[in-house]
Amino acid sequence: MARETDNRDRDAFAGGVAVITGAGSGIGAGLARRAGELGMTVVVTDINQEGAARTVGEIEAAGGKAEALRVDVSQPEELDRLAETVFARHGEVRLLINNAGIETVGYTWEVPAARWEATLNINLHGVIHGVRAFVPRMIESGKEAWIGNLSSVGAFGAMPAQTAYVVTKHAVQSFTECLYLEMQLKGLPIHVSAIVPGMIRTNIFNAEAGDGEPAHSQAHRRAMFEMMRDYGMDLDEGCRLFLEQMAEKKFWAHSQPDQSEQIIAGRIRFLQEQIPPIMPDIALQIARD
42 MARETDNRDR
52 DAFAGGVAVI
62 TGAGSGIGAG
72 LARRAGELGM
82 TVVVTDINQE
92 GAARTVGEIE
102 AAGGKAEALR
112 VDVSQPEELD
122 RLAETVFARH
132 GEVRLLINNA
142 GIETVGYTWE
152 VPAARWEATL
162 NINLHGVIHG
172 VRAFVPRMIE
182 SGKEAWIGNL
192 SSVGAFGAMP
202 AQTAYVVTKH
212 AVQSFTECLY
222 LEMQLKGLPI
232 HVSAIVPGMI
242 RTNIFNAEAG
252 DGEPAHSQAH
262 RRAMFEMMRD
272 YGMDLDEGCR
282 LFLEQMAEKK
292 FWAHSQPDQS
302 EQIIAGRIRF
312 LQEQIPPIMP
322 DIALQIARD
């Protein structure tokens, strides 16, 4: 069964060009490595040039093809330049994954304006302008293509002290749903997926990722980091599952469907019964610690 799925991956993606933002580390790097394994030419973009180069080195060491480009997705003009460069160099893009994102921790009124703006610009506007920059060229090529936008299980719930991140993921999820419908309405051969990571082992909660946050946010970061480290899914396994589901043209691409279903069920209850927001157990645990 796994071999058949792997063949579907290769049938869909081998020989094509993949563009992945925020691919210098974390889920972006995992997706880039997997795309390389499937025989794609991977354009690895990240604001961290060294991180992007490291991912390219890993892909090439495994026999794949990749190139690194420094891109700041918070700047729409950089995404325009990226699209122009990639299409001029390669002629088409088969797989676009708008992955770049940061976690922000702190109470809503304590997060500095600069950190709020960075979170909105990277997590949300980076996705919106990635689509805006690439889709017209994808349409013009007339080729079948895939777009994956990084949502989260956080898109279906609420988490105190992670408000900035959760707000962006709710918005990305809605944006991706609308984008899917637009492709249907226009009859375009572009398949859209919401990539929904659950608890996956990445560095998103590392202490150094919290520059510009309130000082007391570090305890929250440490608790979340330790939970992901101890109970999270292997990164490469999650990324393999994401690309399998995208190859199957599924809108929903989950790492841990059971975890997603549990959180979505809570959201459904909240909306149907119009009860107050439900406090996550982990939030209470962190507050006690």
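Counting from 42, one number per residue, gives the positions in the sequence shown under the working numbering.
From the three backbone atoms N, C-alpha and C, an ideal C-beta is built for every residue, glycine too.
Measuring alpha carbon to alpha carbon, tell me which residue in the options is nearest residue i.
i      : options                        : result
Leu229 : Glu314, Val168, Ala186, Arg156 : Ala186
Asn111 : Gly105, Ala103, Val97          : The question names Asn, but residue 111 is Arg in the sequence shown. It is Val97.
Gly73  : Ile100, Arg51, Phe54, Glu91    : According to the sequence provided, residue 73 is Ala. The question's Gly does not apply to it. Looking at the Cα atoms, Ile100 is the closest of the given residues.
Asp277 : Ile188, Glu78, Pro153          : Glu78
Gln303 : Val194, Lys210, Glu218         : Val194
Met179 : Val83, Gly147, Gln116, His131  : His131
Ile61  : Ala141, Ala53, Arg122          : Ala141
Val146 : Asn247, Leu191, Pro317         : Asn247
Ile143 : Glu314, Arg329, Asn164, Met265 : Asn164
Glu151 : Ala260, Pro321, Ala256         : Ala256
Glu91  : Cys219, Val58, Gly63, His261   : Gly63
Pro177 : Met269, Ile327, Lys227         : Lys227
Asp322 : Met265, Phe175, Lys184, Phe216 : Met265
Name the DSSP beta bridge partners of residue i, please?
i      : result
Phe113 : Checking the sequence, you will find Asp at residue 113 rather than Phe. DSSP lists no partner for Asp113.
Leu226 : Answer by DSSP bridge pairing: none, since Leu226 is not bridged.
Asn190 : Asn139, Ala235
His166 : According to DSSP, His166 bridges with nothing at all.
Ala294 : Ile236
Thr86  : Leu110
Ala324 : Answer is none; Ala324 lacks a bridge partner.
Val58  : Thr82
Ile241 : Met274
In three-state DSSP terms, what is residue i?
i      : result
Val207 : helix
Asp50  : helix
Val146 : coil
Glu108 : strand
Leu72  : helix
Met42  : Residue placement at Met42 is poorly supported in this model, since its pLDDT is 42, which falls under 50; the coordinates still yield a value, given next. Reduced to three states, the DSSP call for Met42 is coil.
Met274 : strand
His257 : coil
Met265 : helix
Rounded to whole angstroms, how far is the Cβ of residue i from the Cβ of residue j, which I believe are closer than 8 angstroms?
i      : j      : result
Ser301 : Val213 : With a Cβ gap of about 15 angstroms, Ser301 and Val213 do not count as contacting.
Gly239 : Met274 : 7 angstroms
Leu120 : Gly171 : 5 angstroms
Open item on the list: Under 8 angstroms, with one C-beta from each stretch per pair, do the region 273 to 286 and the region 56 to 72 reach the 3-pair mark?
Closed with: The region 273 to 286 vs the region 56 to 72: in contact.
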